[in-house]
Amino acid sequence: MSILQNKRVEVIDLGEKDYQQVWDYQESIFKETVDRKIANRKLADDSTIMSTDNYLIFCEHPHVYTLGKSGSIENLLLDEAGLERNHAQFYKINRGGDITYHGPGQIVAYPILDLENFFTDIHKYLRLLEEAVILTMADYGISAGRISGLTGVWVDFEEGAKDPRKICAMGVKSSRWVTMHGLALNVNTDLSYFGHIVPCGIDDKAVTSMEKELGHEVDFEEVKAKLTQHLATVFEMELTT
750 MSILQNKRVE
760 VIDLGEKDYQ
770 QVWDYQESIF
780 KETVDRKIAN
790 RKLADDSTIM
800 STDNYLIFCE
810 HPHVYTLGKS
820 GSIENLLLDE
830 AGLERNHAQF
840 YKINRGGDIT
850 YHGPGQIVAY
860 PILDLENFFT
870 DIHKYLRLLE
880 EAVILTMADY
890 GISAGRISGL
900 TGVWVDFEEG
910 AKDPRKICAM
920 GVKSSRWVTM
930 HGLALNVNTD
940 LSYFGHIVPC
950 GIDDKAVTSM
960 EKELGHEVDF
970 EEVKAKLTQH
980 LATVFEMELT
990 T
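Position one of the sequence shown corresponds to residue 750 (our numbering), numbered consecutively onward.
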């Protein structure tokens, strides 16, 4: 059976949206894509194979903490009363990684891609997500990069740096080369909310935002547009809306 590659990616901006609603939305698209792939593999005639679709979903969430399947609940430092005081929700979810925070002023991107339309390498997928963020930071004069063994994008990332700070967290799920979940880039984020968790289970490194690094609020929509274009470039996507 031949694979019909489709590099078109539909960009969907949901604005500010409840975490559970977006998670359910992701799950429905993810399941539809996986089911189509399963059905395609049962076909003997290549002429009846349907190509799979790709999506790039952007949103902001109200205050919420999410714990990945490999994470520890001990990294959430709030009890139920503390969550209520901080107007925050909490979810255990099915991505990789530990605990993280989402909230206003943070760009959340959920690529739901069939990687067989691009390449079949999860390591490469994560590195290209990071690369798009690194290029976006460079557009604003922020030197950002990777730290060996730690997924995500960091400021003061060079080996031996005394104060590495995470500016973008990542956590993904994949099945049959279909991805969901994604990245969270701190733009104008209220960083005090990270004080209620051990971010990503790492207790000796700080979290930062573009606003903190630059000393002023940043145009949120402009950052999102630049990130979108860099994602399109590094993945060789054909964007549609």
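C-beta: ideal position from N, C-alpha, C; glycine also. Keep in mind it's a predicted model, so treat the numbers as computed, not measured.
For Tyr942 versus Tyr840, is the C-beta distance shorter than 8 angstroms?
-> What you label residue 942 is simply residue 193 of the sequence shown in a count that begins at 1. What you label residue 840 is simply residue 91 of the sequence shown in a count that begins at 1. No, the Cβ-Cβ distance between Tyr942 and Tyr840 is not below 8 angstroms.
Only counting runs of 4 or more residues, tell me where the alpha helix (DSSP H) segments fall wholly within the stretch 797-851, in order along the chain.
-> 829-834
If you run the structure through DSSP and keep just helix, strand and coil, what is Met986?
-> Residue numbering aside, residue 986 sits at position 237 when the sequence shown is read from its first letter. Note: Met986 maps to coil in three-state DSSP.
Residue range of the beta strand (DSSP E) that includes Asp762 | Working through the sequence shown from its first residue, we reach residue 762 at position 13. Segment 757-765, the beta strand (DSSP E) holding Asp762.
Compute the Euclidean distance between the alpha carbons of Met929 and Gly852, then round it to the nearest angstrom.
-> One-based indexing of the sequence shown puts residue 929 at position 180. One-based indexing of the sequence shown puts residue 852 at position 103. Cα to Cα, Met929 sits roughly 19 angstroms from Gly852.
Within its chain, find whatever has a CB closer than 6 angstroms to the CB of Asp762; leave out the 5 residues flanking it on each side and keep chain order.
-> What you label residue 762 is simply residue 13 of the sequence shown in a count that begins at 1. Correct list, in chain order: Phe807.
Could you give the DSSP three-state label for Met750: helix, strand or coil?
-> Within the sequence shown, numbered from 1, the residue matching residue 750 stands at position 1. In this predicted model, Met750 has a pLDDT of only 47, less than 50, meaning its place in the structure is not dependable; the value taken from the coordinates is given anyway. Three-state result, Met750: coil.
Determine the DSSP secondary structure at Ser777, reduced to helix, strand or coil.
-> Counting from 1 along the sequence shown, the entry for residue 777 is found at position 28. Correct three-state label for Ser777: helix.
Looking only at C-alpha atoms, which of Ile856, Pro913, Met799 sits nearest to Val967?
-> One-based indexing of the sequence shown puts residue 967 at position 218. Measuring from the Cα of Val967, the nearest candidate turns out to be Ile856.
Let me know the secondary structure DSSP gives Ile896 once reduced to three states.
-> To locate residue 896, count along the sequence shown from 1; it is residue 147. Three-state result, Ile896: strand.
Compare the C-alpha of Leu940 against each of Arg785, Leu884, Thr849, Leu753 and name the closest.
-> Within the sequence shown, the letter at position 191 stands for residue 940. Nearest of Arg785, Leu884, Thr849, Leu753 to Leu940, Cα basis: Thr849.
Report the rounded CA-to-CA distance for Ile965 versus Ala788, giving the unit in angstroms.
-> Looking up residue 965 in the sequence shown gives position 216. Looking up residue 788 in the sequence shown gives position 39. What sits at residue 965 in the sequence shown is His, not Ile. When rounded, the distance between both Cα atoms is 51 angstroms.
So, helix, strand or coil for Ala955, using DSSP?
-> The residue you call residue 955 lines up with position 206 of the sequence shown. Reduced to three states, the DSSP call for Ala955 is strand.
Look at the alpha carbon of Lys786 and the alpha carbon of Met986, and state the distance between them as a whole number of angstroms.
-> Numbered from its first residue, the sequence shown carries residue 786 at position 37. Numbered from its first residue, the sequence shown carries residue 986 at position 237. So the alpha carbons of these two residues sit roughly 20 angstroms apart.
Secondary structure of Tyr859, DSSP reduced to three states | Position 110 of the sequence shown, counted from the first residue, corresponds to residue 859. Looking at Tyr859 - three-state DSSP - the assignment turns out to be strand.
Starting from the C-beta of Gly920, find all residues in its chain whose C-beta is less than 6 angstroms away, skip the five residues before and the five after it, and write them out in chain order.
-> Within the sequence shown, the letter at position 171 stands for residue 920. Hits under 6 angstroms: Gly817, Arg844, Gly845, Gly846, His930.
What number of angstroms, rounded off, separates the C-alpha of Leu932 from the C-alpha of Leu753?
-> Here the question's residue 932 lines up with position 183 in the sequence shown. Here the question's residue 753 lines up with position 4 in the sequence shown. One C-alpha to the other measures close to 27 angstroms.
Could you check the C-alpha separation between Leu980 and Leu805 for me, to the nearest Å?
-> If you number the sequence shown from 1, residue 980 lands on position 231. If you number the sequence shown from 1, residue 805 lands on position 56. Using only the alpha carbons, I get a separation of about 9 angstroms.
Opening and closing residue of the alpha helix (DSSP H) in which Thr885 lies = The count along the sequence shown starts at 1 and reaches residue 885 at position 136. Run containing Thr885: 871-888, per the alpha helix (DSSP H) assignment.
Let me know if Met799 comes out buried or exposed under the rule of 16 or more other beta-carbons within 10 Å of its beta-carbon.
-> Within the sequence shown, residue 799 is the residue found at index 50, counting from 1. Result: exposed.
So, do the stretch 906-923 and the stretch 868-876 have three or more beta carbon pairs nearer to each other than 8 angstroms?
-> yes
Leu980 in three-state terms, based on DSSP = Mapped onto the sequence shown, residue 980 falls at position 231. In this structure, Leu980 counts as helix in the three-state DSSP scheme.
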